[in-house]
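Novice: Would you mind keeping the following structure in view while I ask a few things?
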Amino acid sequence: MHEMSIVEALMEQIIEMSQDEDWEAVTRIRLKVGAMRQIVPDILKFCFDVASKGTIMENALLEIDEIPLLIKCDECGYLWSDREFLGMCPKCSSINVNLLNGMELELTNLEVEMKHAKTC
């Protein structure tokens, strides 16, 4: 289950970002995840819920945009989208293909609540 290590890296990145900021809480996190990453969104969300307890990310909504594969054949120019990479063009059977989308693993949006300024 590599989802937990992904969650740990994500949380480390967000905590580092928050160090010089006046964040009360992180309320929403949006990720872009490519199909080649073989991440199970429900497992990723479960791991996040467990790991975020007691942090500024506790109770944050984790949204995952799943990006399908986009592949182009360099031989015939055929462009197709799929859920898995089979290694060859379905049109001409060439193995000379390029993966254009599907390897993404990006933090695309973060919503936070700021600490309220103290008044005297």
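One rule links them: number in my numbering = place in the sequence shown (from 1) + 19.
All residues carry an ideal CB built from backbone N, CA and C; glycine is no exception.
#1: DSSP three-state label for M122, please.
#2: Can you list, in chain order, the residues of its chain whose CB lies under 7 Å from that of L119, leaving out five sequence neighbours each side?
#3: When DSSP labels each residue in this structure, what does R142 get in the three-state scheme?
#4: Let's see if you can read the secondary structure: which residues bound the alpha helix (DSSP H) around D68?
#5: How would you write the range of the alpha helix (DSSP H) that A28 sits in, first residue to last?
#6: Is the segment 66–85 touching the segment 105–120 in the sense that three or more CB pairs, one from each, lie closer than 8 Å?
#7: How would you call V59, buried or exposed, if buried means at least 16 neighbouring beta carbons within 10 angstroms?
#8: Taking only the alpha-carbon atoms, compute the straight-line gap between E22 and C66 and give it to the nearest angstrom.
#9: Using three-state DSSP, classify D79 as helix, strand or coil.
#10: Sort I48, Q57 and M55 by Cα distance to D68 and report the nearest one.
#11: Name, in chain order, the residues that DSSP records as bridge partners for E132.
Specialist: Considering the structure as presented:
#1: Taking the sequence shown and counting its residues from 1, one reaches residue 122 at position 103. Here M122 sits in coil by DSSP.
#2: Here residue 119 refers to the residue found at position 100 when the sequence shown is read from its first residue. For L119, where only same-chain residues beyond five positions count, the Cβ hits under 7 Å are L89, I90 and K91.
#3: This structure does not reach residue 142, given that the chain is present from 20 up to 139, and the question cannot be answered.
#4: Taking the first residue of the sequence shown as 1, we reach residue 68 at position 49. Here the alpha helix (DSSP H) through D68 covers P60 to A70.
#5: Residue 28 sits at position 9 when you count from the first residue of the sequence shown. Run containing A28: E22 to S37, per the alpha helix (DSSP H) assignment.
#6: no
#7: Mapped onto the sequence shown, residue 59 falls at position 40. Classification of V59: exposed, given that the 10 Å Cβ count is below 16.
#8: Along the sequence shown, read from residue 1 onward, the residue named residue 22 stands at position 3. Along the sequence shown, read from residue 1 onward, the residue named residue 66 stands at position 47. One C-alpha to the other measures close to 7 Å.
#9: What you label residue 79 is simply residue 60 of the sequence shown in a count that begins at 1. Strictly speaking, residue 79 in this sequence is Ala, with Asp absent from that position. Residue state, collapsed to three classes: coil.
#10: The sequence position of residue 68 within the sequence shown is 49, counting from 1. When each option's Cα is compared against that of D68, the closest is I48.
#11: Taking the first residue of the sequence shown as 1, we reach residue 132 at position 113. Partner(s): A44.
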